[in-house]
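Take a look at the structure set out below.
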Amino acid sequence: MAHRYLEAIAGLASALGAQVVTVDEIRAGDIPLVWEGHTIGGFRPPDLHGALERLMGDVERDFGMTLPSLSREDKQMAVRMLEERGAFTLRRSVEEVADALGVSRFTVYNYLNRDDINRDDINRDELSRGVPR
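Residue numbering for the sequence shown follows my numbering, starting at 1 and increasing by one per position.
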């Protein structure tokens, strides 16, 4: 990697499960990285295979413990974190997250719905106080 910009974002790409590639390595699906009007490399997004496992692993690292050992409140927060990171857009993710947490699918759906209810309450409260979104 010759360009400093590519070196600067390589760590970020790695943390996201992505890859920075040279101009010669760019292929279909890569995002060209342009600097001062010239393509200097590419950003290769992560493969979705194993994405949910990576997301759950990230949450475990954030908490410093395994998902099944989390308290009820922390499990709710973990589900919220996974939702914010897009985990539930993946097929069968609710079932896999439930298994990983050691709870039922129904419980995960309750955590997701409770979060929606809490967000709606917060948004109504903010609107009533004139807090912009």
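We treat Cβ as the ideally placed atom computed from N, Cα and C, and that holds for glycine.
- In the structure shown, LEU16 falls within a coil segment according to DSSP collapsed to helix, strand and coil.
- Counting C-beta atoms within 10 angstroms of its own C-beta, MET56 has 16 or more neighbours from the protein chains shown and is therefore classed as buried.
- Shortest Cα-Cα distance from GLU25 to any of GLY17, ARG44, SER14 involves ARG44.
- Beyond the five residues adjoining it in sequence on each side, ARG85 comes within less than 7 Å, by CB distance, of LEU55 in the same chain, given in chain order.
- A direct Cα-Cα distance of roughly 17 Å separates VAL59 from LEU48.
- Cβ-Cβ distances below 7 Å link GLN19 to ALA13, ARG44 in the same chain, with the five nearest sequence neighbours on each side left out; the list follows chain order.
- Below 8 Å, enough C-beta pairs join the stretch 63 to 76 and the stretch 88 to 107 to call them touching: three or more.
- With fewer than 16 other CB atoms across the displayed protein chains lying within 10 angstroms of its CB, GLY29 is exposed.
- Assignment of alpha helix (DSSP H) within the stretch 20 to 69, counting only whole runs of 4 or more residues, yields 51 to 63 in chain order.
- Excluding the 5 residues flanking it on each side, LEU90 has same chain C-beta neighbours closer than 8 Å at LEU48, ALA51, LEU52, in chain order.
- Judged by DSSP secondary structure, ALA100 falls within the alpha helix (DSSP H) whose first and last residues are 93 to 101.
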